[in-house]
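Presented below is the structure to which this report refers.
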Amino acid sequence: MDVSADHGMIAVPPGHVTLSDRRTQRSWVVGLAPFRMAVYPVTQALYWEVTGRRPSSAQGSRLPVEGVSWWDAVRFCNGLSRQDGFASAYRFDADGESVEWDAAAGGYRLPTEAEWEYACRAGTTGPRYGPLDEIAWYRGNSDERIHEVGRKQPNPWGLYDMLGNSWEWCWDFYDPEVYGTYRVLRGGGWFDEHWSCRASVRRRSHPTFRVEDVGFRLARSVAD
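Residue numbering for the sequence shown follows this note's numbering, starting at 368 and increasing by one per position.
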């Protein structure tokens, strides 16, 4: 995997992934174009650099930023894109209450749910890409606190903390017909039991909620 200079992102090859939902017993296959994914979740240091805010409950520059809403995350993506000279991936209406994703833009964005799971699995087929204690902070080993990024083993593509430590916002709606505007969370967190820290696990939250174990990771589209 090639690592770019844009905040440590790897080039993820095209492919496909099968998503599943235990609640509905539904599975579906998603094809994916190549994209870039950040090696680490967004840290508190990077979040402060762009926004001047420190929203997290536990403070530390290399801790994942948490206590950020989905709206906070997409606005951060646009802010970092402007800072780095990329076209913003998101367009907001005049009131800032709705957002559209410009898939052709090269700026930072949240990964789709399919991109997230595909990158998490990194070619593996089991529930996790390695032994849980070696790759993730979860209730069984976290001492019930969040930890600095990159302290556990990465997956085969070089991505750290895809499971455990903090949940990560994705772009997608969870199930609009049932849950309205709720968005998808992936990955599991430091306070979760082992069964929540699996590549396929889906969780949901309202896009305005700020939770102490929920952060996010950056992605970028690859130009044709």
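Glycine is no exception: its CB is placed at the ideal position from the N, C-alpha and C atoms.
Source: prediction; values computed, not measured.
Boundaries (first-last residue) of the alpha helix (DSSP H) holding residue i
| i | result |
| --- | --- |
| Asp500 | 499-502 |
| Cys487 | 480-488 |
| Phe443 | 437-451 |
| Glu560 | That residue, Glu560, is in no alpha helix (DSSP H); it is neither H nor E in DSSP. |
| Gly415 | Rather than Gly, the amino acid found at residue 415 in this sequence is Trp. Its alpha helix (DSSP H) spans residues 411-418. |
| Val379 | Taken as a continuous stretch (DSSP letters only), Val379 belongs to no alpha helix (DSSP H), being part of the beta strand (DSSP E) at 376-379. |
| Glu535 | No alpha helix (DSSP H) contains Glu535, which is instead part of the beta strand (DSSP E) from 534-540. |
| Glu544 | 543-546 |
Euclidean distance between Cα positions of residue i and residue j
| i | j | result |
| --- | --- | --- |
| His374 | Ala470 | 20 Å |
| Asp539 | Trp483 | 11 Å |
| Arg518 | Cys564 | 16 Å |
| Tyr407 | Phe459 | 27 Å |
| Val409 | Gly463 | 23 Å |
| Gly531 | Ser428 | 18 Å |
| Asn445 | Tyr496 | 31 Å |
| Val466 | Pro478 | 15 Å |
| Arg442 | Asp559 | 27 Å |
| Ser509 | Ile502 | 12 Å |
| Val397 | Ala461 | 33 Å |
| Asp528 | Leu399 | 22 Å |
| Met404 | Phe453 | 16 Å |
| Arg393 | Gly419 | 42 Å |
| Trp395 | Met376 | 27 Å |
| Glu480 | Gly382 | 14 Å |
| Asp388 | Thr492 | 17 Å |
Contacting residues, own chain, Cβ-Cβ under 8 Å from residue i (five flanking each side not counted)
| i | result |
| --- | --- |
| Leu552 | Trp534, Glu535, Trp536, Cys537, Arg569, Arg570, Arg571, Ser572, Val581 |
| Leu499 | Tyr505, Gly507, Leu530, Gly531, His561, Cys564 |
| Glu515 | Gly427, Arg429, Leu430 |
| Pro380 | Pro401 |
| Arg577 | Pro422, Gly434, Val435, Ser436, Asp439 |
| Met368 | At Met368, the pLDDT of 45 sits below 50, so the modelled position is not reliable; the number obtained from the coordinates is stated separately. Cβ within range, chain order: Ile377, Ala378, Val379, Trp524, Gly525. |
| Trp557 | Trp504, Tyr505, Arg506, Ser509, Glu511, Arg512, Ile513, His514, Gly531, Asn532, Ser533, Asp580 |
Close Cβ partners of residue i (< 7 Å) along its chain, the five nearest in sequence each way excluded
| i | result |
| --- | --- |
| Trp468 | Ala456, Tyr457, Arg476, Trp538 |
Check whether residue i and residue j have beta carbons under 8 Å apart
| i | j | result |
| --- | --- | --- |
| Gly473 | Arg584 | no |
| Val589 | Arg488 | no |
| Ser424 | Gln411 | no |
| Trp437 | Arg550 | yes |
| Leu526 | Ala486 | yes |
| Thr548 | Pro521 | no |
| Gly490 | Pro523 | yes |
Enclosing beta strand (DSSP E) for residue i [first to last residue]
| i | result |
| --- | --- |
| Thr385 | 382-388 |
| Ala461 | It is not in any beta strand (DSSP E) - Ala461 carries neither H nor E in the DSSP assignment. |
| Leu399 | 393-399 |
| Val551 | 550-553 |
| Phe402 | 402-405 |
| Ala586 | 586-588 |
| Ser572 | 569-572 |
beta-carbon residue i near the ligand FMN non-hydrogen atom, thresh 7 Å
| i | result |
| --- | --- |
| Val409 | The ligand FMN is not among the ligands present in this structure, which contains no ligands whatsoever. |
Own chain, CB closer than 6 Å to residue i, minus 5 neighbours either side, in chain order
| i | result |
| --- | --- |
| Ser448 | Ser455, Gly474, Tyr475 |
| Val432 | Val409, Gln411, Tyr414, Ser423, Gly582 |
| Asp542 | none |
Any C-beta of chain B under 8 Å from that of residue i
| i | result |
| --- | --- |
| Arg449 | Reference to chain B is not applicable here, since this structure consists of a single protein chain. |
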